[in-house]
């Protein structure tokens, strides 16, 4: 784009409001049920939507394996009552076929995730322990609590625990650690600990996540997001695992300094955006409203911008070690950016926001004139006639 285009319109990393939403492979999970699920209260809902990104995450890998599903923007919006039945009604031949279809698709997704994790581990020379930990923790949580209780209460917590276990195992694999290995491992642990605490407190306060309502009607349906979370964790941690497994560690250089600075800046931006969102939602008069103050004045999703910066920073530092196939470590920030900007976070949130506030002139002005992810100039105020000044 020309410089004139750059300064005349906010930069975006996502589909424009009102544009057709992209099909998400994890929407596969929702697509099977034929119903949509409730989205957060406001555009740019902070950490809570990353949960949605996680579930959709691995779906992308599953889609690459040939499994496709329906649903634009990943999880869409619709209130629902928690369904406790173990299996969907099988009163018709069509229902039976649907049940078998869900089971087959769930198995294909599970095999696709296992295959992707095993294939990348073998190709990059990574210990199979890391993928095994991710699979073990997710399936143990699902089988021991998620399915028996028909509960998603520990879904986020198990995701963060899996991140922590995988990053911790990589960090402790060798008692002698180079500064790069140590810092990148600590960065990952700080990130997942903060995220996990926030998300667990959120689900504890809300009591449920309506996104899972329709999925909990079937064992196979409900297994899909847990398998997808395995792939999300493994792919995101890929640069950490590559650096930790590298036999040779170059001296700390300018790439490390740049990467660490990007991570620190991203962490501060994400933390500030989430704190501002939490404070906004804590005010009774703001219930059911969208935030346009603080960092949210300059970006509709500043928390995503910070999150993307952190993983780009980790990969910049890890690039000092990359060679040959290990350059695939850049799949981590690429995957994260695609998920947040095009698959799950942004499309789902903005579709829900359009349903709630799409007729408000102030909301239209905010959506039209505020950058999607990259902070930019704020939307101009509306005149008395409802037009942007």
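Residue numbers (the numbering used here): 824 to 1212.
Yeah, the Cβ is synthetic: ideal placement off N, Cα and C, and Gly gets one too.
No experiment lies behind these values; they were computed from the predicted model shown.
Put residue 949 into one of helix, strand or coil per three-state DSSP.
-> To locate residue 949, count along the chain shown from 1; it is residue 126. Of the three classes helix, strand and coil, the one that applies to residue 949 here is coil, per DSSP.
Spatial neighbours of residue 987 in its chain, beta-carbon cut-off 8 Å, leaving aside the 5 residues before and after = Here residue 987 corresponds to residue number 164 of the chain shown, with the count starting at 1. The answer, listed in chain order, is 1012, 1015, 1016, 1019.
Within 7 Å, strictly: CB atoms of residue 1035 and residue 1074 | Here residue 1035 is taken as the residue at index 212 of the chain shown, counted from 1. Here residue 1074 is taken as the residue at index 251 of the chain shown, counted from 1. No.
Best match in 1160, 1181, 1067, 1159 for proximity to residue 1144 [C-alpha to C-alpha] | Residue mapping note: residue 1144 aligns to position 321 of the chain shown, counting from 1. It is 1067.
Exposure of residue 967, with buried meaning 16 or more beta-carbon neighbours within 10 Å = Translated into positions along the chain shown, residue 967 becomes position 144. Residue 967 comes out exposed.
Buried or exposed: where does residue 1037 fall if 16 or more other Cβ atoms within 10 Å of its Cβ makes it buried?
-> Position 214 of the chain shown, counting from 1, holds the residue named residue 1037. So residue 1037 ends up on the buried side.
Residue 1106 burial status per 10 Å Cβ neighbour count (16 or more: buried) | Working through the chain shown from its first residue, we reach residue 1106 at position 283. So residue 1106 ends up on the exposed side.
For residue 997, does the count of other Cβ atoms within 10 angstroms reach 16, so buried, or fall short, so exposed?
-> On the chain shown, residue 997 is found 174 positions in, with the first residue counted as 1. Flag for residue 997 reads exposed.
Buried or exposed: which applies to residue 945, given that a residue is buried once 16 or more other Cβ atoms fall within 10 Å of its Cβ?
-> Taking the first residue of the chain shown as position 1, residue 945 is located at position 122. Residue 945 is exposed by the Cβ-count criterion.
For residue 1041, name the three-state secondary structure that DSSP assigns.
-> Numbered from its first residue, the chain shown carries residue 1041 at position 218. Residue 1041 falls in the coil class under three-state DSSP.
Between which two residues does the alpha helix (DSSP H) containing residue 989 stretch?
-> Against the chain shown, residue 989 aligns to sequence position 166. From DSSP, the alpha helix (DSSP H) with residue 989 extends over 978 to 995.
Compare the C-alpha of residue 1112 against each of 1118, 1104, 943 and name the closest.
-> Looking up residue 1112 in the chain shown gives position 289. Checked all of 1118, 1104, 943; the closest Cα to residue 1112 is 1104.
Evaluate contact between the region 1170 to 1178 and the region 1199 to 1206, counting only Cβ atoms and requiring at least three cross-stretch pairs below 8 Å.
-> no
Straight-line Cα distance separating residue 933 from residue 969 = As a first step, residue 969 is located in the chain shown; it is residue number 146 there, counting from the start. As a first step, residue 933 is located in the chain shown; it is residue number 110 there, counting from the start. Rounded to whole angstroms, residue 969 to residue 933 spans 17 Å at the Cα level.
Counting along the chain, where does the alpha helix (DSSP H) carrying residue 1182 start and finish?
-> Stepping through the chain shown from its first residue, residue 1182 is reached at position 359. From DSSP, residue 1182 is part of no alpha helix (DSSP H); its letter is neither H nor E.
Roughly how far, in whole angstroms, is the beta-carbon of residue 991 from the beta-carbon of residue 1065, given that I think they are within contact range, below 8 Å?
-> Here residue 991 refers to the residue found at position 168 of the chain shown. Here residue 1065 refers to the residue found at position 242 of the chain shown. 16 Å between Cβ atoms; not a contact.
Can you grab the Cα-Cα spacing for the pair residue 1155 / residue 1194, in whole Å?
-> Translated into the one-based positions of the chain shown, residue 1155 becomes position 332. Translated into the one-based positions of the chain shown, residue 1194 becomes position 371. Taking the straight line joining both Cα atoms gives about 24 Å.
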